[in-house]
Structures are given as C-alpha cells and as structure tokens.
Amino acid sequence: MNTIIERYNKIKLNIASVKPLQQVNIIAVSKTFPLEYINPLIDNGQTHFGENKVQEAVVKWTEVKKKNENIKLHMLGKLQTNKVRDAVRLFDYIHSLDNQKLADTLAKHQINQKKKLKYFIQVNIANETQKSGIPVNDLDPFYNYCKNEINLNIIGLMVIPPNDNNPKRYFKSLNELNKSLALQDLSMGMSSDYMEAVEYGATFLRIGSSIFGKRS
Ligand SMILES: *Cc1c(COP(=O)(O)O)cnc(C)c1O
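Here the sequence shown is numbered in this note's numbering, starting from 1187 and rising by one per residue.
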C-alpha cells in the first residue's frame, strides 16, 4: 500500500513542476480496486475518485461516502439509462454525457431526487466509429439543449483521445472547443498522457493505473 502513496505523491510532484496543484484536480480512478487500496489515499486527503460501473461503485462507495462528506465521486464510463437513478443518487460528477436520451433521463432523476450533479460532455474528437462521445459537429446544439432546455450544469468537456500516440493535438482541439463554449473545466489526461493534458489546460485528470497499479 505504501507504493500507492509513493506513486500518488510522485504524480503530484510531476504536476507541481509545471502548474500550481490548486489548478489541477487528480481523480484517482479506482475501478476494479477494493477499498484496502483506496483507504490510504482517503487518509492522505485525496477527495476525487473515479469509477466506470454504477453497480461496482454503489457497492464500494455508498457507506464510505456517508462517512466522508468531502469525497466526490466521478462516473467515467458509459452510462445506461436504466442505471441513471442509482448514478444520480451516488455520483457528484458525470463525465460520459453524450446523447439526448441520457441527458433527458439524468434531468428527470435529478428533479426526482432534488439533486444537482456536475457534467462533462464527452466529445468524440476524431469522429472515430464505435467510440463514445458526441460528434464535434453536434456539440453546439447538444450543449445548448442540455444547458437551456433541461438545466444540466455542464462544467466542461471530456475526451478519451484516439490511441495514436499523439494526444496533444486532441487536447489542444478540446481546449479550443471548451473556450468556444466559455466552459471552465476540462476532463482529459490519463496515466499515459496526463502531463500533456496539464500542458493543454486540463483541470481534471483521470489517473488509474499509475496510482493503483495494473488492473487485472
Ligand atoms: C479507466 C479510465 C481511466 C484511467 O485510466 P488509466 O490509464 O488507468 O489511468 C481514465 N478515464 C476513463 C474514462 C477510464 O475508463
């Protein structure tokens, strides 16, 4: 477990070498890892955690969140509409908002539960087939719909760039799109490319294996 804290501190040092740490939030992506791995980070003051499956997150986090009101949970994975009620109950942020049916369902459950989450719109930046995310050409109308018609609190854009070893150009495009919508936050950068993401203005980094180790 010490190695988890060591790796986490190293990541913070790397980021701090280029930017004040207050400007960048690390989301520790704890999917597949049990609480024994997570608790040392909570004890170390880490507050943002990411998961990608609603069921796993409910089992793992419901009690922990009751005891630690500072913890903020981020839903990073594809969200099915039949899981939205549980997701709205548990999570504070959703990073995978990318279609109108999902947006409408989230809006409905927010009202039912009298709760307001924060949202990132996931963008399919390179228009890859089979990739989640809203196509760049549909982003403006989708953003306006979410914000003005159904009152979702959209705080920024999120991207998982194509696997072509050139994340910078995608981070740059996402940053420009974010500015064009006057949004404050940017969810980008994972274990392999978080320093590049910081360089292009990421405010939320989603880091899993570089903190917790390889997932089985
Ligand atoms: C798993 C996951 C991450 C973390 O990936 P690592 O490479 O382990 O840092 C980030 N974002 C999303 C959407 C994920 O599903």
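Using N, Cα and C, we set each Cβ at its ideal position, and we do this for glycine too.
Proximity test, residue i beta-carbon vs ligand 1 heavy atom, cut-off 6 Å
i, result
"V1345", "no"
"I1228", "no"
"N1339", "no"
"N1193", "Correcting the residue type first, residue 1193 is Arg in the shown sequence and not Asn. Result no, Cβ not under 6 Å from ligand 1."
"I1393", "yes"
"N1238", "yes"
"V1215", "yes"
"M1261", "no"
"M1374", "no"
"S1402", "no"
"S1366", "no"
"S1318", "no"
"S1203", "no"
"S1359", "no"
Whole-Å CB distance - residue i paired with residue j, under 8 Å assumed
i, j, result
"I1393", "I1212", "6 Å"
"T1315", "K1287", "Rounded, the Cβ-Cβ distance is 20 Å, inconsistent with contact."
"S1216", "E1237", "7 Å"
"K1354", "Y1331", "Incorrect: roughly 30 Å between the Cβ atoms, too far for contact."
"Y1329", "V1345", "Not a contact, Cβ separation roughly 15 Å."
Residues bridged to residue i (per DSSP)
i, result
"P1321", "N1310"
"Y1305", "I1280 and I1340"
DSSP three-state assignment for residue i, whether helix, strand or coil
i, result
"M1261", "strand"
"I1341", "strand"
"K1251", "helix"
"Y1194", "helix"
"D1371", "strand"
"L1407", "The displayed coordinates of the chain run from 1187 to 1402. Any statement about residue 1407 would go beyond what the structure contains."
"F1357", "helix"
"N1211", "strand"
"K1287", "helix"
"Y1223", "helix"
"F1398", "helix"
Under 8 Å: do the segment 1297-1308 and the segment 1239-1257 share three or more Cβ pairs, one atom per stretch? Contact between the segment 1297-1308 and the segment 1239-1257 is absent: fewer than three C-beta pairs spanning the two stretches fall below 8 Å.
Is the number of C-beta pairs between the segment 1302-1309 and the segment 1331-1340 that are closer than 8 Å three or more? Three or more Cβ pairs drawn from the segment 1302-1309 and the segment 1331-1340 lie within less than 8 Å of each other, which places the two stretches in contact.
At least three beta-carbon pairs within less than 8 Å, the segment 1199-1212 to the segment 1357-1364: Output reads no: the segment 1357-1364 does not touch the segment 1199-1212.
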